[in-house]
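No gaps in the numbering here: position 851 of the sequence shown is 851 in the UniProt record's numbering, and each next residue is one more.
Each residue gets a CB set at the ideal place from its N, CA and C atoms; glycine is no exception.
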Amino acid sequence: MAEAVVSFVLEQVGELIVDSIVKEAMFLYGVNDRVDLAQTELQQIRCFLRDADARISHGTATESLRFLVAETKEGAYDLEDVVAKFSSEVTARQRRKSDIMNVLKRCVFLLNDAIKLHKVGSQIEKVSTRISKLVPRFQAFDLTKSENTEGGTSSSMERQRELRRAYSHIVQPDVVGFEKNIEELVDHLTSDANSHHVVSICGMGGLGKTTLARKVYQHGKIRRHFDSLAWASISQQCHVSSVWKEVSLKLCPEDEDKIRKMHEVEICRKLYNIQKEKKCLVILDDIWTIEMWDILSPAFPKYETNSRILLTTRSRDLALHADRNGIVHEPLCLSDDKSWELFQKILGRRQTDYEDGKIKEQLGRQMIRHCGGLPLAIVVLGGLLYRKETVLEWEMVGKNVKKHIREGKGKELQDSKYSGVSWVLGLSYDELPYFLKPCFLYLASFPEDSEIRVDELCQMWMAEGFISSEDMGYDYFYELVQRCMVQRGALDSIHKRIRTCRVHDLMRDFCLSKVHEENFLRIVDLSNQQEATDTLASTKVRRLAMISSHSGSIGDHNLIRIIKDGCLRSFLCSGRSLGSIPLKPWFNYFYLLKVLKLGNVDSEFQLPKEIGKLIQLRFLSLQGDQMKPLPSSIINLACLQTLELKLFRGDDLLKNVSEWRLEHLRYLYLPFHHTNFFGDKKLMLENASSLQTVVNISTSYLGFNDLAQLTRLTKLKVRFDDDWQGGVTFSHLGFLRVDIRKARKRDITPIILSCPQIYRLKVSGAITKLQEHNQFSSNLLKLTLKRTGLKNDPMPTLGKLPNLRILCLGDHAFSVQEIVCLKQSFPRLESLHFGENFSLEVWRMEEGALPCLCHLSFSFVPFLKTFPDGLRYITTLKEIVLDEMGVAQVRRLKEGGEDFYKVEHVPSLVVLIICKILWGGISDMWKLCATRIAGMLSSDNVVGVAGMLCTARIAGMLSSDYIVVIGPLNFVLILFLSPRVMFVYVRIDKARNFFRWGKN
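In structure tokens form, the structure reads like this:
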């Protein structure tokens, strides 16, 4: 991490002094030479830091070396601090010179500025001198300047190789939840029809990849299918010739004497020929890098062979690189029930008092929740409790269960080969390139179990200086996903880019321990003052994430000291209220702040006018209900890149702001609901030519000429209160959402023509007509129409769009009784959705229409009489969803129904009928008929039905294919089930919880 810090500081200092005015001021105050010298010496030190970092992570560094590395990081940070302060003072001085007209006042201010600059210049000289003294101290250590640190071995590496070594004759009994995974992998490996030669098991550390591979290795079908089997543990350090020799000896033991005498080239050729002549399975366990695979792969034939390779790796990129046609198997974490089953297997059968047993089960279930379904963590916890007999001992472990899981030793951890989960996860961290380590550690600033927006994360990285663009940030983020250190969440419907992500609980715990160790970030919970006091050390803190609550208060002197140190670069605050936090005086110490994120602001919250002093601020996010108007000083944030005003209401929010000096602003997010947003003024963005994203802007506040000047705009969500004026072209715009709020219909033809490169379009509101197909961009991939009220059938026009993949005809998109999909229309459409529509009665579809359709859904189209006959010709159709459709419509698709023959080839049918009825309106007969269905749904098929009062069948009223669920939120759900239903889910309107019934 020290290498990352120094490299990052060198880049930041270089950017700070590139300004000619700052350079001139440094020369005048005689500090330019000192800064240049400090940079040169940090570059010299950086050559030693990779080796020093490696020794620290491997456990071979002396205390003096650890101290020197820590001192170097602090020195580098201090250099950035003082240079940033100098730059800020110079910038502020230039602004005051231009703003102050009175000659006497200007002289006074300039004198004060000179004193401040002289003081900061003295600080630069002191820091530079400190750094100069570090170089000879590093030279005193036997550190290599080589880029390659793989030369020697360490106790840590020996432990790793010992840990990864698999003994094929040992069968592990404690395997739970892998049964289906094992069978799938065995089928992939033994199927002669498959064209792949590599099967990969990919996932984060501790997920059980090696255990799964061992079970496959021992499987009877594998033993019968293959002539010979071999297992090799690769790990981070290995000698290629040794691996080849080890595998060759296991595949061909009869040639042992010859193989041992062979040179590397001969062994490679021998191993290659063995796999061509015999049907072999080679398991390469724990291979880390693409480079290592490329070195090993010449010995493994790709074509014209019946042999197979099974890899385990943490890198999805490596898995795909090894065989583009190969199988990548990604096991999931264990469910709560499977976690408990594994936990019980580790503990074994015990004689225990009944009452104690019940208490232990309760404690055990609570503790395994902290394992997050990670098998290794469950093994660690089971090993800890294996020899603990009493309830008191279990309670003691439970009080600090997270620490025990990270560091514990027990039955499964004999001979100290494991040092808990953190050591295993730490291997992934140690393998990260230096520039990815701060990006990973920054994830600790988000609350536990939060769904992290990838675009926001990248914007925060960019504000910190970790990356230079959002595209680079996504590449870095994707690398973390591919290394299985971050879990992917929601995907973009078009390009399948990851939109949100999560961090596994144990990976986050490891991240928290690492940020504390590296002094990268401090997290303070004000509701726990003791915890807050313990968290804050005496060293300088540069990033602070604070959780506030109504009961919290700012009373800890360490916290006040952190603020007054003036070293903070990031300040993130979340919780129920900001009322207890004295933000106004703190802003005087935030002059180095780059990231400011405040959550849960309310109507009483006022952003201090001192915000204008934060010259270095690049990311400003305010989230919550609503707040008082922003101060006019916000226009002084010249370096601001992201302004995120994600408030429910924004009335009068920017009435004090007119022309902004925001030359570097790239991302602007405004409140969704707002009136009189800018008072009686329009927003002037003449200097905001860098804007790439503008969300929730209204044409009432931003003129068309101003929009036309935003030449770099790629994403725009705009509310049209005026007619669109022609002559405006957005050559880079790819995403456009248009909201038409006023009753009068609008002609959107000029909008469509102004966006020649658009690939995603959403129009919400009444429009006069639908454009001709040749007026749409040929790049259009997704189109959403909602409340557009079209009077003509839109399908003939839309069906001619050559590249359309997703079409959402939302609520009241059209008001015609009949629509027709012509032959060869919608040539590439994959998903089609019909929203609420009271007019549609007939849908006709010719054979050959929608040839690529995979997903079809309806949401409350009550008068649709029948489903189109053309559905039976769409062989690609995978799923049909009927949401709030009528009982008669559902029965048509039921087996034996009139339209069943049209959809019998579709593998998945999802049916949801929601009848919203007040509880008081349900008759007594309904209540009496509501009985729990015994045995109809097994416990394995009911997942997470939280708060459900009862599941009932309405006797004599509906057929046996219906289930009625009476729930606590004043609703009655009638669910249609058939043998063909794969999943039936229930979504509650406000809470948006999901209840699922699975039909296996």
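Exercise. Who are the near neighbours of V728 in its chain, counting only those whose CB is closer than 7 angstroms to its CB and skipping five residues on each side?
Worked result: In the sequence shown, the residue the question calls residue 728 occupies position 728. The beta carbon of V728 is closer than 7 angstroms to those of F704, L707, A708, S754 in its chain, skipping five residues each way along the sequence.
Exercise. Can you give the Cα-Cα distance for V887 and M795, rounded to whole angstroms?
Worked result: In the sequence shown, residue 887 corresponds to position 887, counting from 1. In the sequence shown, residue 795 corresponds to position 795, counting from 1. Separation of V887 and M795 (C-alpha to C-alpha, rounded to the nearest whole angstrom) is 27 angstroms.
Problem set entry | Check whether R502 and E451 have beta carbons under 8 angstroms apart | Numbered from 1 along the sequence shown, position 502 holds the residue referred to as residue 502. Numbered from 1 along the sequence shown, position 451 holds the residue referred to as residue 451. The criterion of a C-beta distance shorter than 8 angstroms is satisfied by R502 and E451.
Problem set entry | Classification of A84 by the beta-carbon crowding that lies within 10 angstroms, buried from 16 upward | Numbered from 1 along the sequence shown, position 84 holds the residue referred to as residue 84. Around the Cβ of A84, a 10 Å sphere holds 16 or more other Cβ atoms; the residue is buried.
Exercise. Does DSSP put M845 in a helix, a strand or coil?
Worked result: Counting from 1 along the sequence shown, the entry for residue 845 is found at position 845. In the displayed model, M845 falls within a strand according to three-state DSSP.
Problem set entry | First and last residue of the uninterrupted beta strand (DSSP E) at Q623 | Numbered from its first residue, the sequence shown carries residue 623 at position 623. Annotation: the continuous beta strand (DSSP E) that includes Q623 extends over 619 to 624.
Exercise. Looking at the structure shown, is H833 part of a helix, part of a strand, or coil, going by DSSP?
Worked result: Numbered from its first residue, the sequence shown carries residue 833 at position 833. Strand at H833.
For this session: Classify T500 as helix, strand or coil using the three-state DSSP reduction.
Result: Stepping through the sequence shown from its first residue, residue 500 is reached at position 500. Secondary structure at T500: strand, using DSSP grouped into helix, strand and coil.
Problem set entry | Buried or exposed by the 16-neighbour rule on C-beta atoms within 10 Å, applied to E479 | Taking the sequence shown and counting its residues from 1, one reaches residue 479 at position 479. That one is buried.
Problem set entry | As assigned by DSSP and simplified to three states, the class of I954 | Residue mapping note: residue 954 aligns to position 954 of the sequence shown, counting from 1. Confidence at I954 is low in this model, with a pLDDT of 29, below 50, so the placement of that residue is unreliable and no value is reported for it.
For this session: Measure the Cβ-Cβ separation of I124 and V69 and say whether it is below 8 angstroms.
Result: Taking the first residue of the sequence shown as 1, we reach residue 124 at position 124. Taking the first residue of the sequence shown as 1, we reach residue 69 at position 69. No, Cβ-Cβ distance for I124 and V69 is not below 8 angstroms.
Problem set entry | Spatial distance of Q889 from G799 (CA atoms) | Position 889 of the sequence shown, counted from the start, is the residue given in the question as residue 889. Position 799 of the sequence shown, counted from the start, is the residue given in the question as residue 799. In a straight line, the C-alpha of Q889 is about 26 angstroms away from that of G799.
For this session: Can you grab the Cα-Cα spacing for the pair E895 / L909, in whole Å?
Result: Locating residue 895 in the sequence shown gives position 895, counting from the first residue. Locating residue 909 in the sequence shown gives position 909, counting from the first residue. In this structure, the alpha-carbon of E895 lies about 11 angstroms from that of L909.
Exercise. Do L342 and G206 have their C-beta atoms within less than 8 angstroms of each other?
Worked result: On the sequence shown, residue 342 is found 342 positions in, with the first residue counted as 1. On the sequence shown, residue 206 is found 206 positions in, with the first residue counted as 1. No, these two residues do not count as a Cβ contact at 8 angstroms.
For this session: In the DSSP assignment, find the alpha helix (DSSP H) that holds L783 and state where it starts and stops.
Result: To locate residue 783, count along the sequence shown from 1; it is residue 783. For L783, no alpha helix (DSSP H) run applies; the uninterrupted beta strand (DSSP E) run containing it begins and ends at 782 to 786, by DSSP.
For this session: Please go through the stretch 299 to 387 and give each complete alpha helix (DSSP H) segment of 4 or more residues, from N-terminal end onward.
Result: Correct list: 316 to 322, 336 to 347, 354 to 368, 375 to 385.
For this session: For S428, count neighbouring Cβ atoms within 10 angstroms of its own Cβ and tell me buried if that reaches 16, exposed if not.
Result: Along the sequence shown, read from residue 1 onward, the residue named residue 428 stands at position 428. Buried is the label assigned to S428, since at least 16 other Cβ atoms lie within 10 Å of its Cβ.
Exercise. Pairing CB atoms from the stretch 184 to 194 with CB atoms from the stretch 490 to 508, are three or more of them under 8 angstroms?
Worked result: Touching, no, given that fewer than three Cβ pairs across the two stretches are closer than 8 angstroms.
For this session: Could you tell me whether the Cβ atoms of C252 and I274 are closer together than 8 angstroms?
Result: Locating residue 252 in the sequence shown gives position 252, counting from the first residue. Locating residue 274 in the sequence shown gives position 274, counting from the first residue. Cβ atoms of C252 and I274: closer than 8 angstroms.
For this session: Check whether the Cβ atoms of L650 and Q623 sit closer than 8 angstroms, and answer yes or no.
Result: Your numbering for residue 650 matches position 650 in the sequence shown. Your numbering for residue 623 matches position 623 in the sequence shown. Looking at the sequence shown, residue 650 is not Leu but Gly. Cβ atoms of G650 and Q623: not closer than 8 angstroms.
Exercise. Which residues in the same chain as F520 place their Cβ atom closer than 6 angstroms to its Cβ, once the five residues preceding and following it in sequence are excluded?
Worked result: Reading the sequence shown from its first residue, position 520 is the one you call residue 520. Within the same chain, F520 has close Cβ partners L441.
Exercise. Between the C-alpha atoms of D869 and F838, what's the straight-line distance to the nearest angstrom?
Worked result: Counting from one through the sequence shown, the residue named residue 869 turns up at place 869. Counting from one through the sequence shown, the residue named residue 838 turns up at place 838. Straight across, the Cα-Cα distance linking D869 with F838 is about 21 angstroms.
Problem set entry | Separation of L736 from Q771, as counted between CA atoms | Against the sequence shown, residue 771 aligns to sequence position 771. Against the sequence shown, residue 736 aligns to sequence position 736. Each residue's alpha carbon lies about 16 angstroms from the other.
Exercise. How do the stretch 294 to 302 and the stretch 462 to 469 stand: do at least 3 beta-carbon pairs fall below 8 angstroms, yes or no?
Worked result: Contact annotation: the stretch 294 to 302 does not touch the stretch 462 to 469, with fewer than three C-beta pairs closer than 8 angstroms.
Exercise. Which stretch, first to last residue, makes up the alpha helix (DSSP H) that contains W231?
Worked result: Here residue 231 refers to the residue found at position 231 of the sequence shown. Per DSSP, W231 belongs to no alpha helix (DSSP H); it is in the beta strand (DSSP E), 228 to 233.
Exercise. If you compare alpha carbons, which of S859, E361, F867, I368 is closest to E389?
Worked result: Residue mapping note: residue 389 aligns to position 389 of the sequence shown, counting from 1. For the residues S859, E361, F867, I368, the minimum Cα distance to E389 belongs to E361.
Problem set entry | Cross-strand partners of L645 (DSSP beta bridge) | For the purposes of this step, residue 645 is identified with residue 645 of the sequence shown, where counting begins at 1. DSSP, once it has assigned bridges, lists L622 as partnering L645.
Exercise. Looking at C-alpha atoms only, which residue of V127, S513, Y701, L780 is the closest neighbour of V657?
Worked result: Here residue 657 refers to the residue found at position 657 of the sequence shown. The option with the nearest alpha carbon to V657 is Y701.
Problem set entry | For C458, the residue or residues it bridges with in DSSP | Position 458 of the sequence shown, counted from the start, is the residue given in the question as residue 458. Partner(s): none; C458 has no beta bridge.
Exercise. Going by beta carbon distance, what residues of the same chain come within less than 7 angstroms of L385, once the five residues before and after it are set aside?
Worked result: As a first step, residue 385 must be located in the sequence shown, where it is residue number 385. Counting only Cβ-Cβ distances below 7 angstroms, and skipping sequence neighbours, we find L347, W394, V397.
Problem set entry | Exposure of G220, with buried meaning 16 or more beta-carbon neighbours within 10 Å | The residue labelled residue 220 in the question sits at position 220 within the sequence shown. With a 10 Å radius around the Cβ and a threshold of 16 neighbouring Cβ atoms, G220 comes out exposed.
For this session: Under 7 angstroms Cβ to Cβ from H773, same chain only, skipping five residues before and after it: list those, please.
Result: As a position in the sequence shown, residue 773 is number 773, starting the count at 1. By the criterion of a C-beta distance shorter than 7 angstroms, H773 is surrounded in its chain by T797, K800, L801, once the five residues flanking it on both sides are discounted.
Problem set entry | Per DSSP, cross-strand counterpart(s) of L909 | The residue given as residue 909 occupies position 909 in the sequence shown. According to DSSP, which records beta bridges pairwise, L909 is partnered with I880.
Problem set entry | Cβ-based burial, N636 [other Cβ within 10 Å; buried from 16] | For the purposes of this step, residue 636 is taken as residue 636 along the sequence shown, with counting starting at 1. Of the other Cβ atoms in all chains shown, 16 or more fall within 10 Å of the Cβ of N636; this residue is therefore buried.
Problem set entry | One or two residues paired with I634 in a DSSP bridge | Translated into the one-based positions of the sequence shown, residue 634 becomes position 634. Answer is none; I634 lacks a bridge partner.
For this session: Report back the beta-carbon spacing between T312 and I201 to the nearest angstrom; my notes put them in contact at under 8 angstroms.
Result: The residue given as residue 312 occupies position 312 in the sequence shown. The residue given as residue 201 occupies position 201 in the sequence shown. Under the criterion of beta carbons closer than 8 angstroms, T312 and I201 qualify as touching, at roughly 5 angstroms.
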